[in-house]
Structures are given as structure tokens and as C-alpha cells.
Amino acid sequence: MSKIIAIVNQKGGVGKTITALNISAGLAKVGMKVLAIDLDPQGNLSDYLGYVPDGKPTISEVIFQEVSGVRTDSFDFIRRNSEEKIDYIPANKLLAGMVSILGSDNDSQEVIKRILSREPFTSYDYIILDCKPSLDLLVCNALATSNSLVIPVQAELFSYNAVAEVMQTIAKMKSSANPDLNIAGILVTMFRKQTSLSNEVLEALNESYPGLVFDNQISFLSEAGKSTCTHSSLINLKGSRIGQEYLSVVEQLIAKDGANNG
Ligand SMILES: Nc1ncnc2c1ncn2[C@@H]1O[C@H](COP(=O)(O)OP(=O)(O)O)[C@@H](O)[C@H]1O
Ligand SMILES: [Mg+2]
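Residues in the sequence shown are numbered from 100 upward in steps of one, following my numbering.
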């Protein structure tokens with residue numbers, strides 16, 4: 100069975116997509132078979148992975164087929180990025196319309212769960228879901244199917260306040276659709292070690308959510324912006340500090356999975 104990890108925070112610009120990309124690439128680097136799914140109509144993860152519209156199905160068509168009960172045997176919605184050594188399913192603006200399609204399903208929160216419980220999805224070691232900045236039905240589908248969550252939090256005060264809201268939604272999900280949902284960790288992103296604000300946010304998170312904050316942070320560095328332009332992960336960029344930091348996060352994720360299984 101695959102481990103499904105969703106990257107969630109209803110706030111935009113906190114580093115979800117860059118985290119989804121680098122965790123996916125990092126898991127692949129240590130030998131895991133990885134599928135990354137773009138669950139944001141903005142399609143940022145798809146851009147990062149070099150997706151160009153090719154007429155083949157995206158995640159929207161996969162969802163539509165599931166809800167309408169018309170399935171095909173073709174898996175041509177899965178693309179490969181051979182540099183990062185990961186498979187992925189892209190998203191585009193069509194995905195915005197899928198929230199109402201999901202709503203028409205009898206089990207509207209569990210559509211993605213049904214999809215991921217079959218081949219070819221079950222053959223992956225890890226499936227990473229890059230969520231849109233929302234807590235709508237699409238994101239609830241991601242929460243309902245995930246084994247665990249990574250919550251990126253930008254090291255600034257306003258982001259810190261958003262975590263409480265994510266935690267409430269997670270608690271609701273645990274008491275209903277997904278009692279086994281784990282929080283893999285809160286990941287402090289765009290961290291500036293020299294500023295007191297960054298350190299205060301880190302301290303406040305550790306105090307409010309003891310044991311849930313990853314051991315290391317992701318530094319605020321210009322190499323993150325460059326990675327957006329070059330369409331590549333930092334994991335596979337030689338000498339990248341952020342790449343090393345994400346690798347450390349990947350090691351912690353795998354260690355936690357081992358602990359949960361044992
Ligand atoms: N560690 C970092 N240092 C500097 N800039 C970053 C860092 N992480 C992300 N960014 C920048 O912040 C912006 C938002 O990141 P992104 O991953 O797209 O967030 P989200 O998916 O939550 O909207 C991007 O322009 C990205 O380049
Ligand atoms: Mg994003």
C-alpha cells in the first residue's frame with residue numbers, strides 16, 4: 100500500500116508547492132517510487148515539473164470519470180519527470196470546476212480516496228498531494244485519503260494564526276472520514292534565522308504543538324526563486340542548502356512512517 104501525504108495550508112504563498120516538489124524528489128532520491136498529484140487549479144506544481152498541455156487527461160478528468168462512473172483502462176494521465184525521477188498528474192484551471200462535480204457524488208469527501216485505492220496508484224511507495232490554498236471539498240478529499248499531512252508555515256505571524264484553523268479541520272476529519280489521519284509535521288518555511296520574528300514564530304509553534312514541528316526549518320534563500328525559473332527541484336541542485344534541508348525533512352518523514360508501522 101502506498102503512503103499518501105498531503106501538503107496543506109489554506110493560506111497561499113507559504114511554500115506548499117515547493118515543499119511538495121522537494122519532498123517528492125527527495126523520496127525518489129532515496130529510492131522510493133513516487134507519484135506527485137497537483138491538486139491546485141493554479142497548476143504550479145505541474146509547471147515546476149515541466150508540464151505543457153498535451154491533450155491528455157489531467158487530474159480533473161480522473162475525478163470526473165470517477166464521479167460519473169465512466170472509467171477507462173488507460174493510465175495516460177500519469178506523466179514522468181525523469182530528471183526528478185517522479186511520476187506526476189498535472190492540474191489546470193479545469194480543476195476549479197471539479198469542486199461542484201465532487202459535491203454531486205454520494206460520498207463527496209471520498210472520491211479521491213476511491214481513485215487512489217486502485218491500480219496503478221497502489222503500486223507507489225509514496226503519493227504526494229499538493230493542495231490548493233483552501234479547505235474546500237477538494238482539500239477535504241485530500242485529507243480524507245491521506246495517511247499523514249505536512250503543514251508548511253511561513254515564518255511570519257499571520258501564517259502562525261492560520262495553523263489553528265487547519266488543526267480544527269484536521270480534528271473534524273479525524274472524528275469523521277479519516278480517524279487514522281496523522282500529522283507528519285509542521286514545517287517552518289522561509290525561515291530567517293537572524294530575525295526575531297522567525298524565531299518567535301518557531302517558538303510559538305513548538306509551544307502550541309509540541310512534538311509536531313519538524314526538527315529543522317527551511318531557510319529563506321533566493322535559490323528557491325531560481326528553482327521556480329529553472330523548473331527543477333532543489334534536491335537535485337548541487338550545493339543547494341534548501342535541498343539539504345528538504346532531504347532532512349524526508350528522512351524524518353520516513354523515520355516517522357517506520358515508527359507508525361511498528
Ligand atoms: N525557502 C524559501 N525561500 C525563499 N522563497 C521561497 C521559499 N519557499 C518558497 N519561496 C517562494 O515563495 C513563493 C510561494 O511558494 P509556493 O511553494 O508556491 O507556496 P504555496 O504553494 O503555498 O502557494 C514562491 O515564489 C517561492 O519561490
Ligand atoms: Mg501552491
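Virtual Cβ for every residue (Gly too), placed ideally from N, Cα, C.
Because the structure is a prediction, the values reported are computed rather than measured.
Item                                                                                                                                                         : Value
Note the first and the last residue of the continuous alpha helix (DSSP H) segment covering R213.                                                            : 210 to 215
Can you check the region 122 to 178 for any alpha helix (DSSP H) of at least 4 residues that lies completely inside it and give the ranges in chain order?   : 143 to 147, 158 to 167
Would you kindly check if the distance between the Cβ of P156 and the Cβ of F176 is under 7 angstroms?                                                       : yes
Would you check whether ligand 2 has a heavy atom nearer than 6 angstroms to the C-beta of N260?                                                             : no
Is DSSP giving Q84 helix, strand or coil here?                                                                                                               : A query on residue 84 cannot be resolved here, the shown segment of the chain reaching from 100 to 361 and no further.
Where does G361 fall in DSSP's three states?                                                                                                                 : Confidence at G361 is low in this model, with a pLDDT of 47, below 50, so the placement of that residue should be treated as unreliable; the coordinate-derived value is given next. It is coil, neither helix nor strand.
Looking only at its own chain, which residues have a Cβ that is under 7 angstroms from the Cβ of K273, when we skip the five neighbours before and after it? : L280
To the nearest angstrom, how far is it from the Cα of L234 to the Cα of D146?                                                                                : 23 angstroms
The beta strand (DSSP E) spanning V287 covers which residue range?                                                                                           : 281 to 288
When you measure from the CB of D139 to every non-hydrogen atom of ligand 2, does any distance come out below 6 angstroms?                                   : yes
Using a Cβ-based criterion (distance less than 6 angstroms to any ligand heavy atom), does K115 qualify as near ligand 2?                                    : yes
Quick check on the burial criterion: 16 or more other C-beta atoms within 10 angstroms. Buried or exposed for F313?                                          : buried
Take T244 as the anchor and find which of P278, Y259, A354, S173 has the nearest alpha-carbon.                                                               : P278
Name the one or two DSSP bridge partners that V312 has.                                                                                                      : I285
Taking 8 angstroms as the threshold, find out whether the region 126 to 135 comes into contact with the region 249 to 256 through three or more Cβ pairs.    : no
Which same chain residues end up closer than 6 angstroms to Q164 when comparing Cβ atoms and leaving out the 5 residues on each side of it in sequence?      : R170
Report back the beta-carbon spacing between S192 and P232 to the nearest angstrom; my notes put them in contact at under 8 angstroms.                        : It is worth fixing the name first, because residue 192 is Lys in this sequence and not Ser. About 15 angstroms separates the two Cβ atoms, so there is no contact after all.
Can you check DSSP and say which residues form a bridge with N180?                                                                                           : I185
Buried or exposed: where does P309 fall if 16 or more other Cβ atoms within 10 Å of its Cβ makes it buried?                                                  : exposed
Taking 6 angstroms as the cut-off, is the beta-carbon of N191 closer than that to any non-hydrogen atom of ligand 2?                                         : no
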